[in-house]
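J.: Below: one structure in structure tokens.
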Amino acid sequence: MAANLAEEIKEVEARSRETVKEAKNEAAKMVNEAKNEAERKIKESKQKAFRQFRDRIASVEKEAEAKAEKSVEAGRKNAESLSKEYEKKVQSTAKWISEEVISRYGRG
């Protein structure tokens, strides 16, 4: 009986060692899967954040370009207005200068 009991204990110990070994392997597998999943999620999050950043920059650039176009158009209109306004003054000033030169020095 003692031989059977000792043999049975050895078998149980062997099965226990195998069970522990399988459990450790399964735990290591689960840890690796969890690490891989975490790395994948981190990568996806970074990519999503970069896409959002890129889209936001594109949106801000588009808004800035629209504002710049409005500013340029306003400046162009202002320049045309000033040009027309001063064109009349320049013509009258040029006429006055030429009359003064002719009156002082004659016609050549």
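For the record, in the sequence shown the residue sitting at position 7 is 0 according to the numbering used here, with numbers rising by one throughout.
Glycine included, C-beta positions come from ideal geometry on N, C-alpha and C.
Once you ignore the five residues that flank Ile90 on each side, which residues in its own chain have a CB closer than 6 angstroms to its CB?
T.: Your numbering for residue 90 matches position 97 in the sequence shown. Result list for Ile90: empty, nothing under 6 angstroms.
J.: Let me know the secondary structure DSSP gives Arg100 once reduced to three states.
T.: Taking the first residue of the sequence shown as 1, we reach residue 100 at position 107. Of the three classes helix, strand and coil, the one that applies to Arg100 here is coil, per DSSP.
J.: Please return the same chain residues whose Cβ sits closer than 8 angstroms to the Cβ of Ala61, not counting the five positions on each side in sequence.
T.: Sequence index remark: in the sequence shown, residue 61 carries index 68 (1-based). Excluding positions up to five away in sequence, the list is empty.
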